[in-house]
Each structure stands twice: as C-alpha cells, then as structure tokens.
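At position 79 of the sequence shown the residue is numbered 79 (UniProt numbering), and the sequence of numbers has no breaks.
All C-beta atoms, glycine included, are put in the ideal place defined by N, C-alpha and C.
Bear in mind the structure is a predicted one, so any value in this text is a computation, not a measurement.
Working notes, beginning with the structure itself.
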Amino acid sequence: MARTKAVLQPDLVLILWSRNALYPGSPRRIVSSRVIGNSQPCTASLRPGTLLATALACLLDNDIGFKIVFRKKTSGISGYLLLQRKR
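Structure follows, in structure tokens:
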C-alpha cells in the first residue's frame with residue numbers, strides 16, 4: 001500500500017485597517033484581524049488599535065515568510081490586506 005502525505009496548508013492573515021478621518025495623514029491602525037493557521041511570532045502585533053506598519057514590518061520580514069496576496073482600499077480611510085505564508 002502506498003503512503004500518502006498530507007499537504008501542509010498555508011497560513012493566512014486577514015487585516016482590516018482604518019485611519020482617523022479627522023486627521024489627514026494619520027497612521028493606519030488595525031481594526032480587526034483573523035488568522036487561519038499560525039502567525040507566530042507576530043501575533044501580538046495583530047491586536048486592534050496597533051499600527052498596521054508595525055504588523056507588516058513583522059509579517060513581511062524575510063525570515064517569517066508572509067507575502068501580501070491581496071489588498072483593497074474600501075474607502076479613503078479604510079481597507080484590508082490578505083497575507084499568506086507557505087510552509
């Protein structure tokens with residue numbers, strides 16, 4: 001009987017972000033995030049209220065291996081990102 005191996009599924013991180021509409025040029029902050037799989041070691045940077053730039057700096061680090069696969073601005077002050085890490 002032949003052995004079959006399970007295919008490892010990619011880790012996914014979905015981030016919803018928003019800016020303060022009253023202050024033009026304000027930094028983007030995370031409104032909510034969802035992780036399918038594992039986001040270690042960046043889990044702490046994905047909390048609501050934290051800076052999107054901080055989370056992306058961690059996730060896009062070459063040692064971590066996440067890549068942005070989709071991004072969309074839903075308005076002038078909000079949007080979302082989908083990141084994927086292949087194992």
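Name the DSSP bridge partner or partners of GLY79? TRP17 and LYS73
Beta-bridge pairing of LYS67 - partner residues as DSSP gives them: GLN84
Roughly how many angstroms separate the alpha carbons of PRO27 and ASN20, rounded to a whole number? 8 angstroms
Using the three-state DSSP reduction, which class does ASP45 fall into: helix, strand or coil? One detail in the question is off: residue 45 reads as Ser in this sequence, not Asp. Helix, per DSSP.
If contacts are defined as beta-carbon pairs under 8 angstroms, then GLN84 and LYS67 qualify, I think. What distance do you get, rounded to the angstrom? 6 angstroms
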